[in-house]
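Down below is the structure, laid out as structure tokens.
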Amino acid sequence: KDWGCDPFPYGSMALVPAADYTLLSKRKVQGGTIPQVLHTYKYITEGYAAMNEHQVGVAESTCWEKPFPGAPKNLGILSIVDLSKILLERASNALEGVMLVGALAEKYGFNDQGESLLITDATEVWLFHILRSPEAVGAVWAAQRVPDGGVAVVSNAFTLRTLNLGSADVRSSSNIVDAARAVNASFDEVGSFDFAATFGQGEGQKRFQAGRRMWRAYDLLVEANFSAEYDDFASDKPYPPFVMAPLASVTLAAGFRVMRDFYSGTPYALDTGLAAGLGRSPERWLFHVRGKAVAWDRPISGAHVCLSWVAQARAWLPDGIGGVVHFSPNA
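Under this note's numbering, the first residue of the sequence shown is numbered 13, with each subsequent residue one higher.
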């Protein structure tokens, strides 16, 4: 399958070597071309993103956005695939990556669904949300630094909430306030507003399909008593954009455990009950039974997953050996 402009077999990892270009070179993107830089970094990718030679990692999650009423036809040329790869090609740290893709999206236009990127390096993590602009060319985006000791989870829903736009830990597009006013956002006394409630549609069409995965990841990593049940993801705000976690609980093994999870040992376990069969299988292949639609809980791990990976950055080692991507195909 072709992700963006470069062919990568579906469900695989590829190593893209560093490269040098001439002054007037162009880089192909979804809707055209943009100027190429003189040098691009080496990186590993599964099509959307992974990690580059400077230990900058990127993970992507599509989110439900609200359309802007009366917006003109979108003439943007950049997709989330373009942005995530360009970030790995050009950024040497997480914040540089945030500002790079934000500026490119504003200049050349973002033409894709609502998206989220978790952008990391060996010392920082930034949570980045982006959606199409109310103008023909542009983008609306915001990013917030995850505090040291924090855990952030994104599973197909915007999670940034009230943003202090003047904070050193927040970055945003130049048009974000005007875009929020265009959809009648509610501003507090200091001019802040709720990003997810303003620009997102929560979980979209299926209740719990995003939130329950967030709940389970926090349940496995954080000593916090969150509920897996709520009325509405956007208005109830069941989970914050990040949660402080004990350092000992955030390990490589814990990351693997999260990616393998299918709610075992919880009331939503997929390896129990009649649907699991005698073999206690957590896999669910039938979505229609006797002509009626059947909805199963969506776990973190499932039969539909083409690959999973855990990126590890180690600040105490040189970049050339500090970054590791642990990759699992078809799981």
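Backbone N, C-alpha and C fix where the C-beta goes; we use that ideal spot for every residue, glycine too. Fair warning: this is a prediction, and the values are worked out from it, not measured in the lab.
**Item:** Residues near arginine 292 in its chain [Cβ-Cβ closer than 8 Å; skip 5 each side]
**Value:** Taking the sequence shown and counting its residues from 1, the one referred to as residue 292 is at position 280. These residues qualify, in order along the chain: Asp283 and Thr284.
**Asked** Excluding five sequence neighbours on each side, which residues of the same chain lie with their C-beta closer than 6 Å to the C-beta of histidine 51?
**Response** Translated into the one-based positions of the sequence shown, residue 51 becomes position 39. Excluding positions up to five away in sequence, the list reads Asp32.
**Contact the stretch 125-138 vs the stretch 60-77: 3+ CB pairs below 8 Å** = yes
**Prompt:** First and last residue of the beta strand (DSSP E) that includes phenylalanine 140?
**Reply:** If you number the sequence shown from 1, residue 140 lands on position 128. Per DSSP, phenylalanine 140 belongs to the beta strand (DSSP E) from 137-144.
**Request:** Compare the Cα-Cα distances from phenylalanine 205 to each of Pro341, Gly178 and Ser239 and report the closest residue.
**Result:** Counting from one through the sequence shown, the residue named residue 205 turns up at place 193. The candidate whose alpha carbon is nearest that of phenylalanine 205 is Gly178.
**Option in Gly289, Ala151 and Phe238 with minimal Cα separation from proline 79** = If you number the sequence shown from 1, residue 79 lands on position 67. Answer by Cα proximity: Ala151.
**Message:** So, for arginine 271: in the same chain, excluding its five sequence neighbours on each side, which residues have a beta-carbon less than 7 Å away from its beta-carbon?
**Reply:** For the purposes of this step, residue 271 is taken as residue 259 along the sequence shown, with counting starting at 1. First, the amino acid is wrong: residue 271 is methionine here, not arginine. Ile312, Ser313, Ser320 and Val322.
**Item:** Euclidean distance between Cα positions of tyrosine 60 and valine 93
**Value:** Position 48 of the sequence shown, counted from the first residue, corresponds to residue 60. Position 81 of the sequence shown, counted from the first residue, corresponds to residue 93. Tyrosine 60 and valine 93: Cα-Cα distance of roughly 5 Å.
**Asked** So which of Lys304, Ser96 and Ser239 has the shortest CA-CA distance to asparagine 64?
**Response** Residue numbering aside, residue 64 sits at position 52 when the sequence shown is read from its first letter. Of the candidates Lys304, Ser96 and Ser239, the one whose C-alpha sits nearest the C-alpha of asparagine 64 is Ser96.
**Asked** By DSSP, does isoleucine 56 sit in helix, in strand, or in coil?
**Response** As a working note, residue 56 is residue 44 in the sequence shown. Note: isoleucine 56 maps to strand in three-state DSSP.
**Asked** Since leucine 139 contacts glutamine 156 with CB under 8 Å, what's their CB separation in whole angstroms?
**Response** Sequence index remark: in the sequence shown, residue 139 carries index 127 (1-based). Sequence index remark: in the sequence shown, residue 156 carries index 144 (1-based). With a Cβ gap of about 5 Å, leucine 139 and glutamine 156 count as contacting.
**Item:** Beta carbon of glycine 216 nearer than 7 Å to that of tryptophan 76
**Value:** Numbered from its first residue, the sequence shown carries residue 216 at position 204. Numbered from its first residue, the sequence shown carries residue 76 at position 64. In contact: glycine 216 and tryptophan 76 (Cβ atoms closer than 7 Å).
**Burial state of tryptophan 297, where buried means 16 or more other Cβ atoms lie within 10 Å** = Within the sequence shown, numbered from 1, the residue matching residue 297 stands at position 285. Counting Cβ neighbours within 10 Å, tryptophan 297 comes out exposed, since fewer than 16 surround it.
**Request:** Grab me the residues of glycine 16's own chain with a C-beta within less than 7 Å of its C-beta, minus the 5 sequence neighbours each way, in chain order.
**Result:** The residue labelled residue 16 in the question sits at position 4 within the sequence shown. With a pLDDT of only 40 at glycine 16, under the threshold of 50, the placement of this residue in the model should not be trusted; the figure read from the coordinates follows. These residues qualify, in order along the chain: Gln42, Ser91, Val93, Asp94 and Lys97.
**serine 184 CB to nearest heavy atom of the ligand NAP below 6 Å** = Summarising the ligand content, the structure contains no ligands, and the ligand NAP is consequently not present.
**Which residues DSSP lists as bridging valine 70, in chain order** = Here residue 70 corresponds to residue number 58 of the sequence shown, with the count starting at 1. Looking at the DSSP assignment, valine 70 forms a beta bridge with Ile131.
**Asked** Span of the beta strand (DSSP E) holding methionine 63?
**Response** The residue given as residue 63 occupies position 51 in the sequence shown. Looking at the DSSP string, the run of the beta strand (DSSP E) that includes methionine 63 is 62-64.
**Request:** Find the nearest neighbour of arginine 183 within the set Leu233, Gly109 and Gly82, judged by alpha-carbon distance.
**Result:** For this step, residue 183 is matched to residue 171 along the sequence shown. Comparing Cα positions, the closest option is Gly109.
**Prompt:** Which of helix, strand or coil does DSSP assign to tryptophan 227?
**Reply:** Counting from 1 along the sequence shown, the entry for residue 227 is found at position 215. The answer is helix: DSSP assigns tryptophan 227 an H, G or I state.
**Prompt:** Where in the stretch 239-276 do unbroken runs of the alpha helix (DSSP H), each at least 4 residues long, occur, reported from the N-terminal end onward?
**Reply:** 245-248 and 264-272
**Cβ-based burial, proline 19 [other Cβ within 10 Å; buried from 16]** = Numbered from its first residue, the sequence shown carries residue 19 at position 7. Since pLDDT at proline 19 reaches only 48, below the 50 mark, its modelled position is unreliable, and the value read off the structure follows with that caveat. Answer is exposed; the Cβ neighbour count stays below 16.
**Message:** To test your reading of the DSSP string, which unbroken alpha helix (DSSP H) runs of 4 or more residues are found completely within the stretch 139-226?
**Reply:** 188-194 and 207-211
**Asked** Across which residues does DSSP place histidine 300 in a beta bridge pair?
**Response** Against the sequence shown, residue 300 aligns to sequence position 288. Answer is Ala305, bridged to histidine 300.
**Same chain, Cβ closer than 6 Å to glutamine 221, neighbours up to 5 away in sequence not counted** = Numbered from its first residue, the sequence shown carries residue 221 at position 209. Closer than 6 Å at the Cβ level, and outside the excluded window around glutamine 221, lie Glu215 and Arg310.
**Message:** In the DSSP assignment, the beta strand (DSSP E) including alanine 323 goes from what residue to what residue?
**Reply:** Your numbering for residue 323 matches position 311 in the sequence shown. That run of the beta strand (DSSP E) goes 319-324.
**Asked** For lysine 38 versus glutamine 48, is the C-beta spacing smaller than 7 Å?
**Response** By one-based count along the sequence shown, residue 38 stands at place 26. By one-based count along the sequence shown, residue 48 stands at place 36. Yes, the pair counts as a contact, with Cβ atoms nearer than the cut-off.
**Message:** Quick check: what's the CA-CA separation for lysine 13 versus leucine 100?
**Reply:** The residue you call residue 13 lines up with position 1 of the sequence shown. The residue you call residue 100 lines up with position 88 of the sequence shown. With a pLDDT of 33 at lysine 13, under the threshold of 50, the predicted position of this residue should be treated as unreliable, and no value is reported.
**Prompt:** Quick one: what's got a C-beta closer than 6 Å to serine 261's C-beta in the same chain, skipping five residues either side?
**Reply:** As a first step, residue 261 is located in the sequence shown; it is residue number 249 there, counting from the start. Excluding sequence neighbours, serine 261 sits near Leu233.
**Message:** How far does the alpha helix (DSSP H) with lysine 119 in it extend, from its first residue to its last?
**Reply:** Locating residue 119 in the sequence shown gives position 107, counting from the first residue. Looking at the DSSP string, the run of the alpha helix (DSSP H) that includes lysine 119 is 106-120.
**Request:** Spell out whether any CB of chain C is found under 7 Å from the CB atom of alanine 106.
**Result:** Of the protein chains in the structure, only one exists, and it is not chain C.
**Prompt:** lysine 40 lies in the beta strand (DSSP E); which residues open and close that run?
**Reply:** Locating residue 40 in the sequence shown gives position 28, counting from the first residue. Its beta strand (DSSP E) spans residues 38-41.
**Cα-Cα separation, phenylalanine 339 to alanine 325** = If you number the sequence shown from 1, residue 339 lands on position 327. If you number the sequence shown from 1, residue 325 lands on position 313. C-alpha separation (whole angstroms): 14 Å.
**Message:** What does the Cβ neighbour count give for serine 145, buried or exposed, with the cut at 16 atoms within 10 Å?
**Reply:** Reading the sequence shown from its first residue, position 133 is the one you call residue 145. Buried: at least 16 other Cβ atoms inside 10 Å.
**Prompt:** Can you tell me whether tryptophan 227 is buried or exposed, with buried defined as 16 or more other CB within 10 angstroms of its CB?
**Reply:** Indexing the sequence shown from 1 puts residue 227 at position 215. Buried is the call here.
**Sequence-distant residues of its chain with Cβ nearer than 8 Å to valine 137 (five each side left out)** = On the sequence shown, residue 137 is found 125 positions in, with the first residue counted as 1. Counting only Cβ-Cβ distances below 8 Å, and skipping sequence neighbours, we find Ala106, Leu130, Ile131, Arg157, Val158, Gly162 and Ala164.
**Request:** Per DSSP, which residues does valine 49 bridge with? Please list them.
**Result:** Indexing the sequence shown from 1 puts residue 49 at position 37. Answer by DSSP bridge pairing: none, since valine 49 is not bridged.
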